[in-house]
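Have a look at the structure below before the remarks.
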Amino acid sequence: MNCPLTDDSLLNYVDGDLPPAQTTAVQEHLAGCPTCRRRLGALEQADALLREAAREDVSAGLLHSARRALSDETGVGHVSEILTLEEAASFLRIEPGDMDEIAAELPVFELAGRYRVRRSKLLEWVAQRERAQTQARLSGELSRQIASGGA
Numbered sequence: 019m020n021c022p023l024t025d026d027s028l029l030n031y032v033d034g035d036l037p038p039a040q041t042t043a044v045q046e047h048l049a050g051c052p053t054c055r056r057r058l059g060a061l062e063q064a065d066a067l068l069r070e071a072a073r074e075d076v077s078a079g080l081l082h083s084a085r086r087a088l089s090d091e092t093g094v095g096h097v098s099e100i101l102t103l104e105e106a107a108s109f110l111r112i113e114p115g116d117m118d119e120i121a122a123e124l125p126v127f128e129l130a131g132r133y134r135v136r137r138s139k140l141l142e143w144v145a146q147r148e149r150a151q152t153q154a155r156l157s158g159e160l161s162r163q164i165a166s167g168g169a
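19 is the number of the first residue of the sequence shown in the working numbering; add one for each residue after it.
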């Protein structure tokens with residue numbers, strides 16, 4: 019069955035990040051689609067494994083203090099919402115030359131003859147890559163558990 023429900027939609031549903039109308043649409047689709055219910059079950063299982071793996075609970079205050087200390091240490095202050103690719107490389111703490119390898123994947127737009135990226139979209143892109151890599155890792159672990167009969 020070729021479902022219109024994307025992995026991103028399911029991930030956002032599991033994370034509770036969908037607007038109410040989309041949440042309702044996903045729930046209605048899941049009610050009639052066993053394939054997507056299985057996909058959802060696998061994502062929820064991976065999410066549970068991920069929560070289990072996150073053993074340390076970091077308070078918001080500690081996280082804020084750490085970010086402030088890092089900002090003070092590195093001299094990184096306010097970061098503009100619209101970044102050039104060079105600024106995006108600095109923000110990501112990678113070499114500007116390495117941006118060429120990932121530029122085609124970035125949510126860029128052209129302004130005044132230069133490519134730019136919104137910082138918020140860049141953060142979403144990073145989070146999406148993190149989720150995909152975590153999901154792939156957890157899926158591999160789950161597959162190994164199932165294969166060994168330990169699930």
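Think of the CB as a built atom: it goes at the ideal place given N, C-alpha and C, for glycine as much as any other residue.
| said: Given this structure, state the Cα-to-Cα distance separating ASP65 from SER166, to the nearest angstrom. | reply: Whole-angstrom Cα-Cα distance: 21 Å.
| Thinking just about the alpha-carbon of each residue, which of ARG111, GLU62, PRO22 and ASP26 is nearest to the one in GLU46? | Taking GLU46 as reference, the option from ARG111, GLU62, PRO22 and ASP26 with the minimal CA-CA separation is PRO22.
| request: Please state if the CB of LEU48 and the CB of LEU58 are separated by a distance shorter than 8 Å. | output: Yes. Within cutoff.
| request: Sort out for me which residues DSSP pairs TYR133 with in a bridge. | output: According to DSSP, TYR133 bridges with GLU128.
| Where do the ends of the alpha helix (DSSP H) carrying THR24 lie? | Element bounds for THR24: n/a, residue is neither H nor E.
| field | First through last residue of the beta strand (DSSP E) which encompasses ILE100 | value | Its beta strand (DSSP E) spans residues 100–102.
| query | Straight-line CA distance for GLN153 to ARG55? | reply | Taking the straight line from one Cα to the other gives about 17 Å.
| First and last residue of the uninterrupted alpha helix (DSSP H) at GLU46 | First-last of the alpha helix (DSSP H) with GLU46: 38–50.
| request: Determine the closest residue to LEU110 out of VAL135, VAL32 and PRO38, with distance taken between C-alpha atoms. | output: Distance check between LEU110 and each of VAL135, VAL32 and PRO38 places VAL135 closest, using alpha-carbon atoms only.
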